[in-house]
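Take the position in the sequence shown, starting the count at 1, then add 791; the result is the number in the working numbering.
Data block below; observations after.
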Amino acid sequence: MLAEFLVLVVLPLLLIVAAGWDIASFTIPNFLTATLTVLFAVFAIAAGLTWTAIGWHLLAGGIGLFIGFALFALGYVGGGDAKLFAAVALWMGFGDLLPYALIASAFGGVLTLALLMARKWMIPVWLLRYSWVLKLHDQKSGIPYGVALAAGAFFLLPDTEIFRLAAGA
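This is how it looks when you write it as structure tokens:
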């Protein structure tokens, strides 16, 4: 019951919060990625994961952290994006890491193109009062990649091992 709740309710809610926070401020707070990481440990216990399975999930999280910080060091993503990628990779596990990375990257490409095109248009007058809209529209602003990371997780989640474990399949 707890494993189901964590995968089907808490994980999606935290991803929505991370994406929304990233849109609003171009940051993803450490408390969100830390919470995702700690809650994976709770999930692992509740779902009865073996030590081997936990090891594979930890490996995925470590690879995610390495890739995320390599992209951060190269200036492609922010630090919060790197940590969110690692936290979601931890949940996805090694078997779902590559599909997650590819799907999130595809969503990131679409998001980037959409924002680059939208930034060429004028902002509707009624949106000018929102500072986050102005920042999102600014050509000098980056891309809130947390949105793509969350979208990738949502897209892949029903096909993941953690989903099957939570659903009891």
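Note that the Cβ used here is the ideal one computed from N, Cα and C, for glycine as well.
These figures come from a predicted structure and were not determined experimentally.
Measuring straight from C-alpha to C-alpha, what distance separates M913 and L919? Taking the CA atoms as reference points, M913 sits about 10 Å from L919.
Look up D887 in the DSSP assignment and say whether it is helix, strand or coil. Helix, per DSSP.
Given this structure, state the Cα-to-Cα distance separating I894 from L862, to the nearest angstrom. Straight across, the Cα-Cα distance linking I894 with L862 is about 17 Å.
Any beta carbon of chain B sitting closer than 7 Å to that of G866? Protein chains in the displayed structure number just one, and chain B is not present.
Near W812, what residues of its chain come up, given a Cβ to Cβ distance below 8 Å and the 5 sequence neighbours on each side ignored? Residues T818, I819, P820, L823, G937 of the same chain have their beta carbon placed closer than 8 Å to that of W812, with the five preceding and five following residues left out of the count.
Inter-residue Cα distance where the pair is A944 and V800: When the Cα atoms are used, A944 and V800 turn out to be separated by approximately 13 Å.
Over what stretch of residues does the alpha helix (DSSP H) that includes D813 continue unbroken? 802-816 is the extent of the alpha helix (DSSP H) around D813.
For V868, I'd like the list of residues in its chain whose CB is within less than 6 Å of its CB, leaving aside the five on either flank, ordered along the chain. Shown here for V868: same chain residues with a beta carbon closer than 6 Å to its own, the five before and five after excluded, namely L862, Y936 in chain order.
Identify whether L919 lies in helix, strand or coil by the three-state DSSP scheme. Three-state DSSP puts L919 in coil, outside helix and strand.
Contact set for F860: own chain, Cβ-Cβ below 7 Å, skip 5 residues either direction: The residues are A873.
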